[in-house]
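Trainee: In the working numbering, the protein residues as written are 6 to 405. Beta carbons are placed, not taken as given, at the ideal position from N, Cα and C, and that holds for glycine. Predicted model, so just to flag it, every value in this text is computed and none were measured. I am attaching a structure below and will ask some questions about it afterwards.
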DNA sequence: AGGTATTCACATGAAACTATTCTCTGAGTTAGG
DNA sequence: TAACTCAGAGAATAGTTTCATGTGAATACCTGT
């Protein structure tokens with residue numbers, strides 16, 4: 006049955022360029038990680054004592070997005086666990102991503118997450134944090150073992166919680182007798198360390214490793230090795246890979262982006278019925294990625310955000326050159342009144358605008374107009390042809 | 001003319017408040033022995 | 001009597017409001033020439 010269906014699907018898309026698309030997705034862990042041998046080696050060296058049952062130094066990894074930090078860390082983690090199992094070393098390494106909301110972005114949730122991974126359980130909420138700490142300690146102490154915790158995107162956790170959490174975590178060892186804890190922090194915020202409390206800094210970053218950005222050539226290598234597995238033979242025209250690499254290198258050498266670019270290019274080529282991926286497909290893919298990011302953000306944004314954005318678009322369409330916070334707020338509050346949605350304070354709207362800026366939907370710059378005060382000057386980053394489409398999405402979802 | 005002081009229109013921060021979500025607890029209820 | 005249900009208590013979060021303070025430069029206001 007399944008085989009028959011497959012045949013149908015196969016004949017449907019004759020121009021199947023992919024061999025295994027998953028290889029290009031970001032969750033995929035490749036066999037070898039090009040141009041990170043040195044970093045991986047360093048990580049391994051630092052963590053190696055764990056295999057002898059000694060507590061390794063706390064480690065701090067930093068580097069821009071898409072430089073292979075997480076990948077390398079996970080790779081070392083897997084290798085070490087394999088080894089530990091073989092040699093019967095009581096070692097646990099747990100990976101926590103502090104960024105994904107709903108999963109863990111507060112002290113409580115992170116702890117709960119760790120506990121869950123260690124095999125315990127706590128209610129998702131409702132317990133005093135101190136009790137969760139105890140539970141965690143109990144769990145670690147329940148047998149003699151070494152626990153290494155990898156905290157990815159650790160900066161997210163800290164600016165949400167305060168660095169007390171890290172301080173506690175690094176100090177826990179003094180309360181443990183049988184077991185020990187090691188912490189690996191990963192961040193892409195290069196200034197993160199400076200902003201930490203000195204006490205935390207010194208204990209957390211006993212060792213530091215910087216993951217440099219990839220240059221275009223290195224990106225090409227990465228793309229080539231993945232393309233070989235993901236695309237069918239001869240599916241890529243010459244120059245496609247270097248074009249992807251070049252685009253990604255322009256945005257601080259982000260490998261993740263390079264891979265996404267390659268994948269979307271392949272999708273586009275496939276859909277257009279081409280039997281090879283051409284260079285122009287990469288250009289289209291590049292635009293599409295930007296566009297999709299904005300569209301999905303806009304679609305999933307809360308109502309109030311959408312209203313604010315709609316106000317901005319209104320102002321743009323009225324042809325005003327410069328748009329300021331005050332103007333937006335006026336239009337916005339009118340809009341709210343008309344559609345009977347409660348009006349938020351200017352303070353809040355100001356924050357919403359700032360968030361749009363962060364998301365890259367708009368480009369806001371704080372300027373001073375002298376006697377006429379200080380405000381944000383706002384430009385939309387959505388290309389003109391897209392504005393209408395976004396506007397209709399907004400109107401539709403807002404149901405105005 | 002050149003120098004200071006004001007002043008605007010918000011930005012930016014911190015604290016406090018609100019609604020909501022989730023668990024746990026224990027009283028009251030039910031069903032079976 | 002054990003199991004079950006369900007309202008209420010407590011804890012925590014997200015999203016906001018309230019209050020407070022900060023700020024860059026165009027303009028108003030001096031000052032001495």
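(1) For the structure I just gave you, are there three or more beta carbon pairs, one from the region 276-283 and one from the region 310-326, closer than 8 Å?
(2) Quick test of your reading: residue 250 and residue 221, contact by CB under 8 Å. State the CB separation rounded to the nearest angstrom.
(3) For residue 119, which residues from the same chain have a beta carbon less than 8 Å from its beta carbon, with the 5 sequence-adjacent residues on both sides left out?
(4) Taking the C-alpha atoms as reference points, what is the distance between residue 293 and residue 388?
(5) State the DSSP-derived secondary structure class of residue 38, mapped to helix, strand or coil.
(6) Assign residue 138 to one of three DSSP states: helix, strand, or coil.
(7) Just to confirm the assignment: which complete beta strand (DSSP E) runs, minimum length 3, are found wholly within the region 40-94?
(8) Between 184, 309, 403, which lies nearest to residue 58 when the distance is taken from Cα to Cα?
(9) Hey, how far is the Cα of residue 94 from the Cα of residue 80?
(10) May I have the straight-line CA-CA distance separating residue 394 from residue 302, to the nearest angstrom?
(11) State buried or exposed for residue 243, treating a residue as buried only when at least 16 other CB atoms are found within 10 Å of its CB.
(12) Just to confirm the assignment, what range does the beta strand (DSSP E) spanning residue 102 have?
(13) Buried or exposed, going by whether 16 or more other CB atoms sit within 10 Å of the CB of residue 327?
(14) Since residue 186 sits in a beta bridge, which residues does DSSP pair it with?
(15) I'd like to confirm the pairing. Which residues does DSSP put opposite residue 282 in its beta bridges?
(16) I need the DSSP call for residue 391, collapsed to helix, strand or coil.
(17) Going by beta carbon distance, what residues of the same chain come within less than 7 Å of residue 195, once the five residues before and after it are set aside?
(18) Identify whether residue 385 lies in helix, strand or coil by the three-state DSSP scheme.
(19) Here's the rule: buried if 16 or more other CB atoms are within 10 angstroms of the residue's CB, otherwise exposed. What is residue 43?
(20) Roughly how many whole angstroms lie between the Cα atoms of residue 74 and residue 299?
(21) Determine the DSSP secondary structure at residue 347, reduced to helix, strand or coil.
(22) Following the continuous alpha helix (DSSP H) through residue 215, name the residue where it begins and the one where it ends.
(23) Could you spell out where the alpha helix (DSSP H) holding residue 233 opens and where it closes?
(24) Nearest to residue 351 by CA position, among 344, 362, 313, is which residue?
(25) Mind checking residue 55: buried by the 16 CB within 10 Å criterion, or exposed?
(26) Beta-carbon separation of residue 256 and residue 209 under 8 Å?
(27) Please return the same chain residues whose Cβ sits closer than 7 Å to the Cβ of residue 309, not counting the five positions on each side in sequence.
(28) Is the CB-CB distance between residue 235 and residue 29 below 8 Å?
(29) What's the C-alpha gap between residue 109 and residue 116?
(30) According to DSSP, is residue 259 helix, strand or coil?
(31) Does the distance from the C-beta atom of residue 173 to that of residue 186 stay below 8 Å?
(32) For residue 190, count neighbouring Cβ atoms within 10 angstroms of its own Cβ and tell me buried if that reaches 16, exposed if not.
(33) Whose C-alpha, out of 230, 76, 262, 145, is nearest the C-alpha of residue 96?
(34) On the DSSP bridge assignment, give the partners of residue 191 in chain order.
(35) Under the three-state reduction of DSSP, which class applies to residue 287: helix, strand or coil?
(36) Restricting to Cα atoms, I'd like to know which of 295, 376, 158, 263 is closest to residue 219.
Mentor: Reading it off the structure:
(1) no
(2) 5 Å
(3) 99, 101, 141, 154
(4) 12 Å
(5) coil
(6) helix
(7) 64-67
(8) Per the Cα distances, 184.
(9) Rounded to the nearest whole angstrom, the CA to CA distance from residue 94 to residue 80 is 18 Å.
(10) 14 Å
(11) exposed
(12) 96-102
(13) exposed
(14) 152
(15) Looking at the DSSP assignment, residue 282 forms a beta bridge with 241.
(16) helix
(17) 67
(18) strand
(19) exposed
(20) 26 Å
(21) coil
(22) First-last for residue 215: 212-215, but that is the beta strand (DSSP E), not the alpha helix (DSSP H).
(23) 221-235
(24) 313
(25) Residue 55 should be labelled buried.
(26) no
(27) 349, 357
(28) yes
(29) Below a pLDDT of 50, predicted positions are generally treated as unreliable, and residue 109, at 49, falls in that range; the measurement from the model is reported next regardless. Their backbone Cα atoms lie some 8 Å apart in a straight line.
(30) coil
(31) no
(32) buried
(33) Selection 230, 76, 262, 145 evaluated against residue 96 yields 145 as nearest (Cα-Cα).
(34) 66
(35) For residue 287, the three-state secondary structure derived from DSSP is helix.
(36) For residue 219, the closest C-alpha among the options 295, 376, 158, 263 is that of 263.
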